[in-house]
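Start counting at 1 in the sequence shown, then tack on 261, and there's your number in our numbering. Every residue, glycine too, gets a C-beta built ideally from N, C-alpha and C. Structure record follows, encoded as structure tokens.
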Amino acid sequence: MQTPNSPKTYIKSEPTITRNTSIASLLTPPSSTPTTKTTQVATPTVTPLSPNNSSYYTPHLTKPQFNSILVNCSINLMKILYQQPIEENNLSLFIIEILKRSKTSIQTLQLTCFYLTKLIKQRQDVTISPKKLFLGLIIISSKFNQDYNYSFKSWLKICGLTDTSTQVIKELEFTCLKMLKFELNLNGTKYENWCNLLLIFGYDFIKCHLIDLNDFTKIMWETNSEVIEGKLNKWSQFFVEFNFDNLNIVEIKFDKYFLNQINNKIFIVKDEEPKLLKRTRIEEDVGLKRQKVN
């Protein structure tokens, strides 16, 4: 979609006043009327960042960290949706491999997470496996988000299936469409607010974010199962009660949330290691020693 260009400003050039510069004129005091020149200075246009860019939210997130948060979002949303233990490592590897093979865009993954939250709000009993659900939603999101998409045969190759499974992919897509009640629209302000909300959700599962004076950043994920379970329950209740139409009205900004987390989970470090990081490393070392003993 093209955006309207800002109107150009035309400046009418004034005539330049010239003088004869002979030797005599050099000895003569300058006239009180200065030589005038008009120059047009081109004003550079700055393209605003999109919510599919990590720098849109904060300069302290690298692209790999941003991608990792979004992948973790999809896994945690699956946990909330299924309300039962899932093979997290296996699912994570599947999601990463599908995203890599299909070259899925950030915007498509954000849209997929939006569809997952819609299913959470509907409190549906999902009968298909987490892997099949994610694949079906990625296919739908890609078709909604892009003009040019993979054919069903291409998706089969991405998944490593045979050509005889085309009907299975078609049925999977239709099943997911029915679960979403064919309501797929997400754009404009609603999309922007959703992306900010999604990153807040993903960032909530980060235990510590370290930023040094050279702007090097390091993220440490929460590993305490009880803490993670509590957060999942909290967000489950939030998404069930949340009115998604409010995304058109209420402005949600991740940068405000980010600032509120400074000295809580975000630490600006200099030379010495913060106490939280030291304590975490000690706990990890103790855990490794216990595993070796056992």
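The beta carbon of residue 400 sits closer than 7 angstroms to the beta carbons of 416 and 434 from its chain, once the five residues preceding and following it are set aside; these are given in chain order. Relative to the Cα of residue 385, the nearest Cα in the group 410, 314, 509 and 342 belongs to 342. Under the three-state reduction of DSSP, residue 531 is assigned to coil, being neither helix nor strand.
In this structure, the alpha-carbon of residue 447 lies about 25 angstroms from that of residue 466. Taking 8 angstroms as the cut-off, the Cβ atoms of residue 379 and residue 441 count as close. The Cβ atoms of residue 357 and residue 460 do not sit closer than 8 angstroms to each other.
Scanning its chain for C-beta atoms nearer than 7 angstroms, with the 5 sequence neighbours on each side dropped, one finds no residue around residue 345. The alpha carbon of residue 478 has as its nearest neighbour, out of 372, 529 and 521, the alpha carbon of 529.
Looking at the backbone, the Cα of residue 503 and that of residue 486 are separated by about 25 angstroms.
Counting C-beta atoms within 10 angstroms of its own C-beta, residue 523 has fewer than 16 neighbours from the protein chains shown and is therefore classed as exposed. Residue pairing from DSSP leaves residue 520 without any beta-bridge partner.
DSSP places residue 471 inside the beta strand (DSSP E), whose first and last residues are 467 to 473. Here residue 478 is bridged, per DSSP, to 472. When secondary structure is reduced to three states using DSSP, residue 313 falls in the coil class, being assigned neither helix nor strand. Note that the C-beta distance between residue 338 and residue 377 is below 8 angstroms. Between the alpha carbons of residue 499 and residue 463 lies a distance of about 14 angstroms. The beta-carbon separation of residue 457 and residue 527, rounded to 17 angstroms, does not stay under the 8 angstroms limit for a contact. Look at residue 344 here: in three-state DSSP terms it is coil, with no helix or strand label. Per the coordinates, the alpha-carbon of residue 409 lies some 33 angstroms from the alpha-carbon of residue 348.
With respect to residue 371, residue 480 sits apart: the two C-beta atoms are not nearer than 8 angstroms. In terms of Cα proximity to residue 364, the closest of 389, 352 and 411 is 411. In the three-state reduction of the DSSP assignment, residue 383 falls in the helix class, which pools H, G and I. Residues 405 of the same chain have their beta carbon placed closer than 6 angstroms to that of residue 445, with the five preceding and five following residues left out of the count. If you draw a straight line from the Cα of residue 374 to the Cα of residue 484, it is about 22 angstroms long.
When secondary structure is reduced to three states using DSSP, residue 485 falls in the coil class, being assigned neither helix nor strand.
At least 8 angstroms separates the beta-carbon of residue 311 from that of residue 318.
As the crow flies, the alpha-carbon of residue 403 is around 43 angstroms from that of residue 531. Residue 367 and residue 313 do touch by the CB rule: their CB atoms are close to 4 angstroms apart, below 8 angstroms.
The beta carbons of residue 382 and residue 493 sit about 15 angstroms from each other, so the pair does not count as a contact at 8 angstroms. Selection 455, 321, 336 and 322 evaluated against residue 390 yields 336 as nearest (Cα-Cα).
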